[in-house]
Amino acid sequence: MQNDYRAVWNNCLKTIKASIPEESFDTWFEPIIPVALQNNVLIIQVPSQFFYEWLEQYYVDNLRKAIYKELGTEGRLEYSIIVDKGNAENRPQTINIPIAKIEYDKQHPKYQANSEQALKRKNEILKEYDAFFKSVSFNENYTFDTLVEGDCNRLARSAGYAVAKKPGITAFNPLMLYGGVGLGKTHLVQAIANHVRSNQPDKIVVYVSSEKFTNQFIEELKNNNLQKLTNFYLQIDILIIDDVQFLSGKEKTQEMFFHIFNDLHQHGKQIIMTSDRPPKELQGLQDRLLSRFKWGLTADLQQPDYETRVAIIQRKLQTEGISLENDIIEYLAHSIDTNVRELEGVIVSLMARSSLERREIDTELVRQTVQHIVQTTVSDAGVQHSAEMGIDTIQSVISSFFKVTLAELTGKSRKKELVVPRQIAMFFCKEFTNFSLKSIGYHFGGRDHSTVIHAVQTISDLCTKDGEIRQNVQQLGEMFKQKAK
Ligand code: ADP
Ligand code: MG
């Protein structure tokens, strides 16, 4: 029976296979190799630490059920994790870790008896800084439900969700999320806070931006209350610090944060941070602090792709209770591809203009609004960027340069005197904007991305062969560079 580990594992697989999607099964269970069964402990080998963490995050319940079914409730599972693949001389190295023992169970009588007391304790601790935390901007509508999932945020979102379900218990501690402005960092971390607050009301969750954190530190330092402040932070269960890049150069605040960080982490409390850049690019942050960030999981948020942008627009429209034609939604998704905040900005302006000017939201209104917004992007810090070049700007410069109309430039005609300006315009859109080839093609009469690639290549070739075209491209290039400054 002890040697039947393969049979036991095969039966477990059958149970698991019946309860999860086939794709997940292939990804996460096919690669597992059973290695032994000793005293009711089944040992399975998994390819990496990450793999182990993933199983523990998402499939621990399936695993546990399957094991109980095969070995009874005394049955246990142990992961043998390959940490070094080894080579001809050295055997692969593995470490063994038992399946998570701690299971959060709200129904458990022990938990219920404690909860009233825990709630009281929580309220007392939070009371200390009630006024301060009321001044921190926090949005209760930032939930996982309202955070549209896409390739751009899948890892960060799932890790965030795992942490929200089992704060402090997962291997994602600390959880470090980074990505550019307006990509949903704040939304995601506040969704974690909202989730924990409604599902585990006895947990003390603190959300604070690193700027506010610094101000609070300075204030309490002045008031001679530093000890009180530190004590407060040491008692919380989940600490969320947004935009840690603002801690750079603030040595004293970092010192306090380092102290709090270590203590909380040591006690299995959850720490979540966001930053606008990857940790290794966080200048002015002490190395010892940075090295802590690597203990858990670092995940990035990227610019949403076209399909995700469409989904986000639809979701926002739905919340606002308005509906728009599909072609208008497509136009919007193709026109704003920088970040979600900008996308939202356009939707809000659209609604405002449509009600002020008593106009239907049509393509023309969308076009004007998009142009206006893209040219006056205001970043988080309130700094005005120079006008960003849009496809519209490039098209209008090219059309007046070559004396062709906008309709001709984006139209169907294959006449040489139109094809060359059209290709030059696409060439500059590729050069001077961040729009995808797909979006550029869309703005040139719905052409596809391969047409844009072809245009870019043709113009590059012609620049080496054709003196007149080279001169025009150079002259235009100078004009766009001036504009882009
Ligand atoms: P960041 O903190 O990264 O600068 P925010 O979290 O403030 O970005 O997001 C900017 C806006 O975009 C917010 O209103 C947020 O709700 C919205 N947003 C960002 N990502 C998504 C998404 N995936 N789904 C829905 N809304 C999103
Ligand atoms: Mg933010």
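Going by the numbering used here, the first residue of the sequence shown is number 69, and it counts up by one from there.
Idealized CB from N, CA, C, for every residue including glycine.
For clarity, every value in this text was computed on a predicted model and none was experimentally measured.
- Query: Say the cut is 6 angstroms; is the CB of residue 506 nearer than that to a heavy atom of the ligand MG?
  - Reply: no
- Since residue 127 contacts residue 77 with CB under 8 angstroms, what's their CB separation in whole angstroms? About 14 angstroms separates the beta carbons of residue 127 and residue 77, which is beyond the 8 angstroms limit, so they are not a contact pair.
- Beta-carbon proximity check, residue 328 vs residue 304, cutoff 7 angstroms: no
- Query: For residue 501, which three-state DSSP category applies?
  - Reply: coil
- Task: Mind checking who residue 148 pairs with in its DSSP beta bridge?
- Result: Paired residue(s): 113 and 164.
- Message: Just to confirm my understanding: we take residue 316, look at its own chain, exclude 5 residues before and 5 after, and list those with CB closer than 8 angstroms. What are they?
- Response: Here the set comprises 350, 351, 352 and 353.
- Measure the alpha-carbon distance for residue 464 versus residue 498 and round it to whole angstroms. Annotation: residue 464 to residue 498 spans about 16 angstroms, alpha carbon to alpha carbon.
- Message: So, for residue 166: in the same chain, excluding its five sequence neighbours on each side, which residues have a beta-carbon less than 6 angstroms away from its beta-carbon?
- Response: 146
- Cβ-Cβ distance between residue 289 and residue 322 below 7 angstroms: no
- Message: Restricting to Cα atoms, I'd like to know which of 369, 191 and 256 is closest to residue 215.
- Response: 256
- Query: Using the beta-carbon count (16 or more within 10 Å), is residue 366 buried or exposed?
  - Reply: Residue 366 is buried by the Cβ-count criterion.
- Message: Considering only the alpha carbon of each residue, which of 270, 263 and 278 lies closest to residue 189?
- Response: 270
- Query: For the ligand MG, any of its heavy atoms closer than 6 angstroms to the Cβ of residue 280?
  - Reply: No - the ligand MG has no heavy atom lying nearer than 6 angstroms to the Cβ of residue 280.
- Measure the C-alpha to C-alpha separation of residue 368 and residue 139 and round it to an integer number of angstroms. 40 angstroms
- Task: Pick out whichever of 238, 331, 541 and 341 has its Cα sitting closest to the Cα of residue 313.
- Result: 341
- Item | For residue 347, the nearest candidate out of 331, 478, 388 and 244 (CA to CA) | 244
- Task: Determine the direct distance from the alpha carbon of residue 150 to that of residue 421, and round the result to whole angstroms.
- Result: Rounded to whole angstroms, residue 421 and residue 150 show a C-alpha spacing of 59 angstroms.
- Taking 6 angstroms as the line, does the beta carbon of residue 549 fall inside it for any heavy atom of the ligand MG? no
- Query: With residue 297 and residue 285 assumed to form a contact (beta carbons below 8 angstroms), what rounded beta-carbon distance in angstroms separates them?
  - Reply: At roughly 7 angstroms, the Cβ-Cβ gap stays under 8 angstroms, so residue 297 and residue 285 are in contact.
- Go through its chain and collect everything with a Cβ distance to residue 176's Cβ below 6 angstroms, but skip five positions before and after it. With a pLDDT of only 47 at residue 176, under the threshold of 50, the placement of this residue in the model should not be trusted, and no figure is reported.
- Please classify residue 246: does DSSP put it in a helix, a strand, or coil? strand
- Task: With a cut-off of 5 angstroms, give the chain-ordered residues whose Cβ is closer than this to any heavy atom of the ligand ADP.
- Result: 215, 216, 249, 250, 251, 252, 253, 254, 255, 380, 408 and 409
- Message: Given this structure, state the Cα-to-Cα distance separating residue 548 from residue 283, to the nearest angstrom.
- Response: 43 angstroms
- Where residue 367 falls: helix, strand or coil (DSSP): strand
- Message: Tell me the rounded alpha-carbon separation between residue 124 and residue 320.
- Response: The alpha-carbon atoms of residue 124 and residue 320 are separated by roughly 37 angstroms.
- Message: I'd like the ranges of any beta strand (DSSP E) spanning at least 3 consecutive residues and lying wholly in the stretch 201 to 266.
- Response: 243 to 246
- Query: Quick check: the stretch 234 to 254 against the stretch 332 to 340, are there 3 or more CB pairs under 8 angstroms?
  - Reply: yes
- Item | Closest by C-alpha distance to residue 379, when choosing among 281, 268 and 402 | 402
- Item | Validate contact between the stretch 383 to 403 and the stretch 430 to 439 using beta carbons, cut 8 angstroms, 3 pairs | Output reads yes: the stretch 430 to 439 touches the stretch 383 to 403.
- Message: With distance defined between alpha-carbon atoms, name the residue in 551, 326, 487 and 112 nearest to residue 501.
- Response: 551
- Item | Minimum length 4: unbroken alpha helix (DSSP H) runs contained in the stretch 98 to 143 | 117 to 126 and 128 to 139
- Would DSSP call residue 419 helix, strand or coil? helix
- Message: Assuming contact is defined by CB atoms lying nearer than 7 angstroms, are residue 429 and residue 392 in contact in what I supplied?
- Response: yes
- Query: Beta-carbon separation of residue 276 and residue 306 under 7 angstroms?
  - Reply: no
- Item | Whole runs of the beta strand (DSSP E) within the stretch 523 to 548, excluding any shorter than 3 residues | none
- Query: Since residue 273 is in the beta strand (DSSP E), which residue starts that stretch and which ends it?
  - Reply: 273 to 277
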